[in-house]
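>
Protein chains: 2
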Amino acid sequence: MYTYEYPRPALTVDCVIFAWDKASEAIKVMLIERAHEPFANHWAFPGGFVDMDETVDTAAARELEEETGIKNVFMEQLYTFSSVDRDPRGRVVSVAYYALINMQKHPAKAASDAKSVKWFGLSEIPALAFDHQQILDMAYERLKSKVRYQPIGFELLPRKFPLSELQLLYEQILNTKLDKRNFRRKILKTGLLKPLEEFQTRVAHRAARLYTFDDKKYKALTREGFSFEI
Amino acid sequence: MYTYEYPRPALTVDCVIFAWDKASEAIKVMLIERAHEPFANHWAFPGGFVDMDETVDTAAARELEEETGIKNVFMEQLYTFSSVDRDPRGRVVSVAYYALINMQKHPAKAASDAKSVKWFGLSEIPALAFDHQQILDMAYERLKSKVRYQPIGFELLPRKFPLSELQLLYEQILNTKLDKRNFRRKILKTGLLKPLEEFQTRVAHRAARLYTFDDKKYKALTREGFSFEI
DNA sequence: CCAAAAGTGTTGGGACTACACCCATGA
DNA sequence: TCATGGGTGTAGTCCCAACACTTTTGG
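Protein sequences appear in the order of chains F and Y. If you count the first sequence from 1, you need to add 349 to reach my numbering. If you count the second sequence from 1, you need to add 349 to reach my numbering.
In structure tokens form, the structure reads like this:
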């Protein structure tokens, strides 16, 4: 029935990397400028071919590390893109992933075969290579919907953060304004944030208490099937 | 940078087909019994290789039609499975889909290269070929979560149905008991169901009013971004 | 003392849950 | 007339949204 002589598309992975930029209070996406054809001088997501002895998950993590030095971050499969003409060199199917990282921990670092690496705000995305704009659109949609019912926003923040920063992050991702009191009540009621005896420093106003995401508690609650909702 | 001399995994699609079986009041999954090795005599989802001139979406629809005669149904990409040893013949990556169909409209029909085709309840799934049990688990999880916030339950029902059948369907998928009055109120409040001037026939009790899913209304509401919630 | 953000409670309305009886029909 | 599911309303509770002022700190 099946045969190995069947023609095979090439298989790649692409990785959309989101980060929270505290300075500009905006979500950013990491792009690398391609040095070679096709799409030389265009911006694209880090990615590359899947090896014969690795899963696509592994390939995505490997490519991410090779091209940006980033590893051990939240990463999830997004969708498999397969338009016949999405790559001018021939038939290439790509499994897209998205990652959420903390910009302080992972500064952008030039990749070997790229001219440069840069963070872009979602409203300043340049012309992208391949069908990467479509991939980005879907990744952002996924981020928006997932952030509402799974506590993945924390992946974008430093380990210790004030509630106001978390709120700002949610406001940026969801593109809405949230009520401060209601937001605090709701987020604290989940019990997923541990208040610390530490405070902001060097701010020209009352220092905010820092919180940290309680991963143990989250795992425990997940096991007994709870629901999170912003 | 990229090269076409790169080794390529084979690429397939697999399709999990869910249906609502009114007779047994249960969700069923269509499996085909494999005639040939590997996994001869094991049950598996319909699927097959992706051609060089088609998208994976197209391949999934094509394989579904070729192997079961079913076409023009709700079908969505689920996940891409890529364990290195998932196929004993070598490296095969598979993009899984799930479909929701109406069992009356699409009776199971024997496929060319299968010994037989059968519907199985979720509690009577036999040993499956490849990693298809894992695929099924993920597909069912997706169905369960999606049915709560997108009106996809209707894809499983005939065009005209009484509310009690819709409720039964939800109860089976979500594996819970729902309150009749609250369910009716909530589902009618969405405005997505059009009441008809038709009723059940040949039932040994008061005949229930039939309803139909209002697709136009759904599309209109979707455009203006509404949210649906069971 | 001023500017800037931190932090805090209450109230009204809408939504959800729980719950029980009569109705229509065919056998 | 009986058995079976169809169909309906209400009351109590909880959750959510809306809203403004005082506190703390550094400059």
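Here a beta-carbon is modelled for each residue, glycine too, at the ideal position from N, C-alpha and C.
1) I need the DSSP call for residue 578/Y, collapsed to helix, strand or coil.
2) What separation, rounded to the nearest whole angstrom, lies between the Cα atoms of residue 503/Y and residue 539/Y?
3) Tell whether a beta-carbon distance below 8 Å holds between residue 558/F and residue 548/F.
4) On the three-pair Cβ rule with 8 Å, is the segment 356-368 of chain Y touching the segment 386-397 of chain F?
5) Return helix, strand or coil for residue 294/Y, following the three-state DSSP convention.
6) Residue 426/F versus chain Y: which residues are under 9 Å apart at the beta carbon?
7) Leaving out five residues on either side along the sequence, give the residues of the same chain with a beta carbon under 7 Å from the beta carbon of residue 517/Y.
8) Please confirm whether residue 446/F has its beta-carbon closer than 8 Å to some beta-carbon of chain Y.
9) Please list, in chain order, the chain F residues whose beta carbon lies closer than 9 Å to that of residue 363/Y.
10) Could you name the residues of the segment 358-384 of chain F whose beta carbon sits closer than 7 Å to any beta carbon of chain Y, in the order they occur along the chain?
11) Looking only at C-alpha atoms, which of 363/F, 372/F and 416/F sits nearest to residue 452/F?
12) For chain F, is any of its Cβ atoms less than 8 Å away from the one on residue 489/Y?
13) May I have the straight-line CA-CA distance separating residue 506/F from residue 469/Y, to the nearest angstrom?
14) Is it a yes or a no for the segment 399-418 of chain Y touching the segment 470-477 of chain Y, going by three-plus beta-carbon pairs under 8 Å?
15) Any beta-carbon of chain Y closer than 8 Å to the one on residue 403/F?
16) CA-CA distance, residue 573/F and residue 498/F?
17) Are the C-beta of residue 355/F and some C-beta of chain Y separated by less than 8 Å?
18) Spell out whether any CB of chain Y is found under 8 Å from the CB atom of residue 496/F.
19) Assuming residue 391/F and residue 478/F make a contact with CB atoms under 8 Å, what is their CB distance in whole Å?
20) CB-CB under 8 Å to residue 514/Y, same chain, minus the five flanking residues each way: which ones, in chain order?
21) What are the residues that DSSP puts in a beta bridge with residue 558/F?
22) Identify, in the order they occur along the chain, each residue of the same chain with its Cβ nearer than 6 Å to the Cβ of residue 429/Y, setting aside the five sequence neighbours on each side.
23) By the three-class DSSP mapping on this structure, what secondary structure does residue 405/F have?
24) Have a look at 441/Y, 355/Y, 524/Y and 490/Y and flag the residue whose alpha-carbon is nearest the alpha-carbon of residue 438/F.
25) Please report the straight-line C-alpha distance between residue 432/Y and residue 492/Y, rounded to a whole angstrom.
26) With a threshold of 8 Å on Cβ separation, who are the neighbours of residue 556/Y within its own chain once the five nearest residues in sequence on each side are excluded?
27) So which residues on chain F does residue 432/Y lean against when the C-beta distance must stay under 8 Å?
28) If you compare alpha carbons, which of 526/Y, 441/Y, 578/Y and 425/Y is closest to residue 450/Y?
29) Spatial neighbours of residue 359/Y within its chain, please: CB distance less than 6 Å, with the 5 preceding and 5 following residues excluded, ordered by chain position.
30) Would a C-beta distance cut-off of 8 Å place residue 422/F and residue 448/F closer than the cut-off?
31) Excluding the five sequence neighbours on either side, which residues of its own chain have a C-beta within less than 7 Å of the C-beta of residue 532/F, listed in chain order?
Taking the structure as given:
1) For the purposes of this step, residue 578/Y is taken as residue 229 along the second sequence, with counting starting at 1. Residue state, collapsed to three classes: coil.
2) In the second sequence, residue 503/Y corresponds to position 154, counting from 1. In the second sequence, residue 539/Y corresponds to position 190, counting from 1. Those two C-alpha atoms are separated by around 14 Å.
3) For this step, residue 558/F is matched to residue 209 along the first sequence. For this step, residue 548/F is matched to residue 199 along the first sequence. Taking 8 Å as the Cβ cut-off, residue 558/F and residue 548/F qualify as a contacting pair.
4) Contact fails: fewer than three Cβ-Cβ distances are below 8 Å.
5) Residue 294/Y is absent from the structure shown; chain Y starts at 350 and stops at 579.
6) Numbered from 1 along the first sequence, position 77 holds the residue referred to as residue 426/F. Within chain Y, the residues near residue 426/F are 428 and 429.
7) Along the second sequence, read from residue 1 onward, the residue named residue 517/Y stands at position 168. Correct list, in chain order: 374.
8) Working through the first sequence from its first residue, we reach residue 446/F at position 97. By this cut-off, residue 446/F is not an interface position.
9) Against the second sequence, residue 363/Y aligns to sequence position 14. In chain order: nothing, as chain F lies at least about 12 Å away.
10) 358, 359 and 360
11) Here residue 452/F refers to the residue found at position 103 when the first sequence is read from its first residue. The shortest C-alpha separation from residue 452/F is found at 372/F.
12) Position 140 of the second sequence, counted from the first residue, corresponds to residue 489/Y. No, residue 489/Y does not count as interfacial toward chain F.
13) By one-based count along the first sequence, residue 506/F stands at place 157. By one-based count along the second sequence, residue 469/Y stands at place 120. Cα to Cα, residue 506/F sits roughly 46 Å from residue 469/Y.
14) no
15) Here the question's residue 403/F lines up with position 54 in the first sequence. True, the Cβ-Cβ gap to chain Y drops below 8 Å.
16) Locating residue 573/F in the first sequence gives position 224, where the first residue counts as 1. Locating residue 498/F in the first sequence gives position 149, where the first residue counts as 1. Each residue's alpha carbon lies about 16 Å from the other.
17) Mapped onto the first sequence, residue 355/F falls at position 6. Interface residue, yes.
18) For the purposes of this step, residue 496/F is taken as the residue at position 147 of the first sequence. The C-beta of residue 496/F comes no closer than 8 Å to any C-beta of chain Y.
19) Residue mapping note: residue 391/F aligns to position 42 of the first sequence, counting from 1. Residue mapping note: residue 478/F aligns to position 129 of the first sequence, counting from 1. Rounded, the Cβ-Cβ distance is 4 Å, consistent with contact.
20) Within the second sequence, residue 514/Y is the residue found at index 165, counting from 1. The answer, listed in chain order, is 371 and 506.
21) On the first sequence, position 209 is the one that residue 558/F refers to. In DSSP, residue 558/F forms a bridge with 548/F.
22) The residue given as residue 429/Y occupies position 80 in the second sequence. Within the same chain, residue 429/Y has close Cβ partners 444.
23) Translated into the one-based positions of the first sequence, residue 405/F becomes position 56. Residue 405/F falls in the helix class under three-state DSSP.
24) As a position in the first sequence, residue 438/F is number 89, starting the count at 1. The option with the nearest alpha carbon to residue 438/F is 355/Y.
25) Mapped onto the second sequence, residue 432/Y falls at position 83. Mapped onto the second sequence, residue 492/Y falls at position 143. Cα to Cα, residue 432/Y sits roughly 23 Å from residue 492/Y.
26) Residue 556/Y sits at position 207 when you count from the first residue of the second sequence. Cβ-Cβ distances below 8 Å link residue 556/Y to 548, 549 and 550 in the same chain, with the five nearest sequence neighbours on each side left out; the list follows chain order.
27) If you number the second sequence from 1, residue 432/Y lands on position 83. In chain order: 404.
28) In the second sequence, residue 450/Y corresponds to position 101, counting from 1. Nearest of 526/Y, 441/Y, 578/Y and 425/Y to residue 450/Y, Cα basis: 425/Y.
29) Mapped onto the second sequence, residue 359/Y falls at position 10. Once the five neighbours on either side are set aside, the close Cβ partners of residue 359/Y are 441.
30) Position 73 of the first sequence, counted from the first residue, corresponds to residue 422/F. Position 99 of the first sequence, counted from the first residue, corresponds to residue 448/F. Contact flag set, yes.
31) Here residue 532/F refers to the residue found at position 183 when the first sequence is read from its first residue. Excluding residues within five positions, the ones whose Cβ falls inside 7 Å are 516.
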